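Protein chains: 2
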Amino acid sequence: MQRCELIRQLLAILPPDSVLYETEDLRPYECDALSVYRQLPLAVVLPCTEAEIIEILQLCHRERVPVVARGAGTGLSGGALPHAQGILLSLARLNQINEIDPLACQARVQPGVRNLAISQAASSYGLYYAPDPSSQIACTIGGNVAENSGGVHCLKYGLTVHNILKLRVLTIEGDVIEVGAEAYDSPGYDLLALLTGSEGMLGITTEITVRLLPKPESAQLVMATFSDLAKAGEAVANVIQSGIIPAGMELMDNLTIGAVEDFIQAGYDRQAAAILLCESDGMAAEVTTEIEKIEHILRASGAIKVEIAQDEAQRQLFWAGRKAAFPAAGRISPDYYCMDGTIPRKHLARVLSQIERLSAEFNLRCMNVFHAGDGNLHPLILYDANESGELHKAETFGARILEICIAAGGTITGEHGVGMEKLDQMCLQFSDAERELFLAIKAAFDPQALLNPGKAIPSLHRCAELGAMHVHHGQTSFPELPRF
Amino acid sequence: MQRCELIRQLLAILPPDSVLYETEDLRPYECDALSVYRQLPLAVVLPCTEAEIIEILQLCHRERVPVVARGAGTGLSGGALPHAQGILLSLARLNQINEIDPLACQARVQPGVRNLAISQAASSYGLYYAPDPSSQIACTIGGNVAENSGGVHCLKYGLTVHNILKLRVLTIEGDVIEVGAEAYDSPGYDLLALLTGSEGMLGITTEITVRLLPKPESAQLVMATFSDLAKAGEAVANVIQSGIIPAGMELMDNLTIGAVEDFIQAGYDRQAAAILLCESDGMAAEVTTEIEKIEHILRASGAIKVEIAQDEAQRQLFWAGRKAAFPAAGRISPDYYCMDGTIPRKHLARVLSQIERLSAEFNLRCMNVFHAGDGNLHPLILYDANESGELHKAETFGARILEICIAAGGTITGEHGVGMEKLDQMCLQFSDAERELFLAIKAAFDPQALLNPGKAIPSLHRCAELGAMHVHHGQTSFPELPRF
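Quick note, the sequences are listed as chains E and Z, same order. Each step along the first sequence adds one to the number in full-length UniProt numbering, with nothing skipped, and position 357 is 357. Each step along the second sequence adds one to the number in full-length UniProt numbering, with nothing skipped, and position 83 is 83.
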């Protein structure tokens, strides 16, 4: 179908202000927060109702037009990058909270509702929605479902998939399906988990039933200072192994500490090799006991200083430093490349040392600031895009980090998704048989590959061309990589 | 392929004691714990290694022979019922614990390892495996994965899917795939969740990496006695809504209490309409505070007596009554039919009243003893198979209970699976579009439908013939049923 005819048909479904097609109107949608990839779509549609989306999907299905869904565009892997021959389906206007049920501790919300808005709306009932990606002011729950987002507190409270009960989803044919249940378990294959994190490739979510939790009675934060990064890594494993699951457990290295202190004065020790922030929440008595145990373990793990926040203001200040780490990186480097990989916690110390060696090898600084309790690394590679070759060097450095993660038995993404960015690494992470299954599942939902084509799951052809050797979950040796 | 030729080829792969084909040898495999369905397979194979299973699958795939996997055969929905034209693949001999990693708090085990054996092996490290189906002495971890089993403690610690990290799985072609990761999240579609609970229809698991938890420092039990069943139901919702997640929360009605007290003297009040057992575990200080709060809520919810176990012996005695409920049913009735459905907790009181009314309508006694915290009902319908028509009446009664569960926004199974038993109810629970997706996913893994054919997912044809009206997760009205 010609572009003009497509736009004409979209305008027959939607009011004029819901269809964008002028280049200047399309421009804001050309990328998500990973701006190295940019592409204009044929048109952007901004439906207000599920009924409109059904008609849009029926049209696209009939005419074989690719459909890329978009929430707030805060994604970091290019998952919402438009398709040159497709439409961009913005879900921003489906932003209603349909119901809050305080008795059942759940809420039914539309996909365009912002993550934080759910907790704000539930607040008067003493409830909140637990997953808290750092973009939670802006990102939408629909995008969280598509990426299976995490956050600082997901160590204790789980990822998005652990905090949703039901999804209402449209297939590419425009059929409504409901997956999951308000009850504890659901028969049939677990489509709720399958759809969560599927990066918009299997269906379009139009309603999400989320689980709400009672706000913890109390929260307390411990800051531990280390003169050795590896020891901080070991301390993380020691805390978890003791049976404590902290509400949050974040690690920052010396470069991060300095950048943060220059930006806001959080009270971190600039001389420290690493700082570990460890939070406990729950009933007051539980928090007190847990904080004592954590303090003991951190000291026994070699912390040179352990401070418990004196009051709520200091707790907030300690956290403020962690939350300012990304903007702080922007202040000490013209550009930075944020990686996202996970490793088993027990390998934290070793992998951090390896990243340090790579940093020297590539002659690029790397800030380590991450969800240590989950083993979810976020190395920020600092570079200058105006220096010839530095972007390429940063990308190569980043790819090497992901390879190290795989070799350590980890994965190439913790919470940012695969999107466009990590298609090649998917060839390393998974075998042919595994990727064939992914493709078969995709075909089961969307045989014409119209939903977000070209993302998340690489074609067998791409992996064959890449010629990369599959690292079977850390089991197979990978000659050029350090062994575990 | 003729049966004799099949057996000959199986004997070429396996040693003689690993292939059973005489009728008397096949007889023990003709059913699982749901003995109303019985069927002899062509042969039973008992491989000892993954390599043997690969050859068996390649043979069956090539010759289009159905394959039904079996763990310990403790399943309650007929999921391991043999196929008349197929082989039964017993995984009982793959019973090795390959590794326990106390640092990472995980274990790699073969599918034939018994659930309890994992905790026993991990015990010396102070660790245990949390999901505890009532059959945990006998049932195997492979069967738990196939059914996504729960147990008394899954309210706090989750179902099987929440306690496993990785699966090694063989496809029907005999390809090895690994799904999940030792790290916190994994890219690609969530095949770990998809395979867990798939009732042996997508692949054959050969290794499971389970998460181990540190044994709680302390556990304490509260027993609350109610003069009104509905009030006990409300008390459950009140406890959960307060933000407490008990380690276990079990409800028994008057009929159960009497049967249990006649059998073992657990110290329950025979006059009570209902008894609620509510356990707290964790750090000692946490348990003390939580038990106080639970006690307060139970009293406020109308409990006429609240007792805290005086010592470990009394705690075990209170639990012993609950654990003896099923055999106690066997003592007061020649036969019983155990149902398994889940409902949102807030509807507990109403659904229990409805079951009471159905009991009068069918003139069959029904014992209610169940995982109240999860809303996971286990009504035991008492009947006498020797009385003409009673089995049919019990089955109709059971089907009505499941319909009530669906109408209440619940599901037709909490933890026992669909198997053979609930194929028809799947037509009520899911729409055509939803079941079509299930079938498409099945075809993505197993296009010739050789793995456990005829189970768990009904054909579109079967549902059409049944002519039953789909109850869309409690949204659609269902005329002959009480409304919510």
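Quick reminder that beta carbons are idealized off the backbone N, C-alpha and C, glycines included. As the structure is a computational prediction, the values presented were derived from the model and not from experiment.
Buried or exposed (CB count within 10 angstroms, at least 16 for buried), residue i
{"i": "Gln-354 of chain Z", "result": "buried"}
{"i": "Asp-262 of chain E", "result": "exposed"}
{"i": "residue 499 of chain E", "result": "There is no way to answer for residue 499 of chain E, as the model of chain E reaches only from 1 to 484."}
{"i": "Pro-327 of chain E", "result": "exposed"}
{"i": "Gln-2 of chain E", "result": "exposed"}
{"i": "Arg-357 of chain E", "result": "exposed"}
{"i": "Pro-187 of chain E", "result": "buried"}
{"i": "Ser-198 of chain Z", "result": "buried"}
{"i": "Glu-23 of chain Z", "result": "In the sequence as presented, Glu is not what sits at residue 23 of chain Z; that position holds Thr. Classification of Thr-23 of chain Z: exposed, given that the 10 Å Cβ count is below 16."}
{"i": "Asn-144 of chain Z", "result": "buried"}
Same chain only: Cβ atoms within 7 Å of residue i, ignoring 5 sequence neighbours per side
{"i": "Leu-317 of chain E", "result": "Ala-266, Gly-267"}
{"i": "residue 487 of chain E", "result": "There is simply no residue 487 of chain E to check, as chain E begins at 1 and stops at 484 in what is shown."}
{"i": "Pro-15 of chain E", "result": "none"}
Beta-carbon proximity list for residue i, same chain, < 6 Å, skipping 5 on both sides
{"i": "Ile-304 of chain E", "result": "Thr-225, Ser-227"}
{"i": "Tyr-336 of chain Z", "result": "Ala-329, Leu-380, Leu-382"}
{"i": "Gly-248 of chain Z", "result": "Val-152, His-153, Glu-279"}
{"i": "Gly-302 of chain E", "result": "Lys-231"}
{"i": "Ala-273 of chain Z", "result": "Phe-226, Ser-227, Asp-228, Leu-229, Asn-254"}
{"i": "Cys-139 of chain Z", "result": "Ala-72, Thr-74, Asn-115, Pro-133"}
{"i": "Gln-446 of chain E", "result": "Residue 446 of chain E is actually Asp in this sequence, not Gln. Around Asp-446 of chain E: Ile-172."}
{"i": "Leu-202 of chain Z", "result": "Leu-195, Phe-445"}
{"i": "Glu-63 of chain Z", "result": "Met-1"}
{"i": "Gly-417 of chain E", "result": "Ser-77, Gly-79, Glu-147, Glu-199"}
For residue j and residue i, the rounded distance between their alpha carbons
{"i": "Glu-415 of chain E", "j": "Gln-110 of chain E", "result": "21 Å"}
{"i": "His-472 of chain E", "j": "Pro-344 of chain E", "result": "Low confidence applies here, because His-472 of chain E scores a pLDDT of 48, under 50, leaving its location unreliable and the question unanswered by this model."}
{"i": "Leu-103 of chain Z", "j": "Asn-238 of chain E", "result": "8 Å"}
{"i": "Ala-181 of chain Z", "j": "Arg-93 of chain E", "result": "36 Å"}
{"i": "Thr-196 of chain E", "j": "Ile-164 of chain E", "result": "9 Å"}
{"i": "Arg-38 of chain Z", "j": "Ala-444 of chain E", "result": "33 Å"}
{"i": "Leu-192 of chain Z", "j": "Val-210 of chain Z", "result": "12 Å"}
{"i": "Glu-72 of chain E", "j": "Leu-26 of chain E", "result": "Note that residue 72 of chain E corresponds to Ala in the displayed sequence, not to Glu. Their Cα atoms are separated by approximately 15 Å."}
{"i": "Glu-52 of chain E", "j": "Val-169 of chain E", "result": "14 Å"}
{"i": "Ile-332 of chain E", "j": "Ser-359 of chain E", "result": "16 Å"}
{"i": "Leu-439 of chain Z", "j": "Gly-200 of chain Z", "result": "14 Å"}
{"i": "Gly-321 of chain E", "j": "Glu-465 of chain E", "result": "44 Å"}
{"i": "Trp-319 of chain E", "j": "Leu-221 of chain E", "result": "9 Å"}
{"i": "Gly-277 of chain E", "j": "Leu-251 of chain E", "result": "In the sequence as presented, Gly is not what sits at residue 277 of chain E; that position holds Leu. For Leu-277 of chain E and Leu-251 of chain E, the distance between alpha carbons rounds to 6 Å."}
{"i": "Cys-48 of chain E", "j": "Ile-308 of chain Z", "result": "54 Å"}
Start and end residues, beta strand (DSSP E) containing residue i
{"i": "Thr-209 of chain Z", "result": "204 to 211"}
{"i": "Met-70 of chain E", "result": "The question names Met, yet the displayed sequence has Arg at residue 70 of chain E. Counting along the chain, the beta strand (DSSP E) containing Arg-70 of chain E begins and ends at 67 to 70."}
{"i": "Gln-85 of chain E", "result": "Run containing Gln-85 of chain E: none; DSSP gives neither H nor E here."}
{"i": "residue 489 of chain E", "result": "Because chain E in this structure spans residues 1 to 484, residue 489 of chain E falls outside the shown range and cannot be described."}
{"i": "Leu-59 of chain Z", "result": "Here Leu-59 of chain Z belongs to no beta strand (DSSP E); instead the alpha helix (DSSP H) covers 50 to 63."}
{"i": "Gln-220 of chain E", "result": "218 to 226"}
{"i": "Ala-43 of chain Z", "result": "43 to 45"}
Close beta carbons around residue i, own chain, < 8 Å, minus the five adjacent residues each side
{"i": "Ile-87 of chain Z", "result": "Leu-6, Leu-10, Pro-41, Leu-42, Ala-43, Val-44, Val-45, Ile-56, Cys-60, Val-65, Pro-66, Val-67, Val-68"}
{"i": "Glu-436 of chain Z", "result": "Leu-460"}
{"i": "Thr-342 of chain Z", "result": "Asp-374, Gly-375, Asn-376, Leu-377, Cys-405, Gly-410, Thr-411, Thr-413, Gly-414"}
{"i": "Gly-150 of chain Z", "result": "Pro-131, Pro-133, Leu-159, Thr-160, His-371, Asp-374, Asn-376, Gly-414, Glu-415"}
{"i": "Ala-12 of chain Z", "result": "none"}
First through last residue of the alpha helix (DSSP H) which encompasses residue i
{"i": "Leu-192 of chain E", "result": "191 to 195"}
{"i": "Leu-460 of chain Z", "result": "460 to 466"}
- Query: What runs of the beta strand (DSSP E), each 3 residues or longer, lie entirely inside the stretch 97 to 177 of chain Z?
  - Reply: 97 to 101, 106 to 109, 164 to 170
- Query: Which parts of the stretch 232 to 270 of chain E are runs of the beta strand (DSSP E), unbroken and 3 residues or longer, counting only runs that do not cross its ends?
  - Reply: 248 to 253
- Minimum length 3: unbroken beta strand (DSSP E) runs contained in the stretch 277 to 328 of chain Z: 305 to 308
- Task: Let me know the alpha helix (DSSP H) ranges lying completely inside the stretch 12 to 41 of chain E, each 4 residues or longer, listed in chain order.
- Result: 23 to 26
- Task: Note down, one range per segment and in chain order, each beta strand (DSSP E) of at least 3 residues found wholly within the stretch 359 to 439 of chain E.
- Result: 366 to 371, 379 to 383
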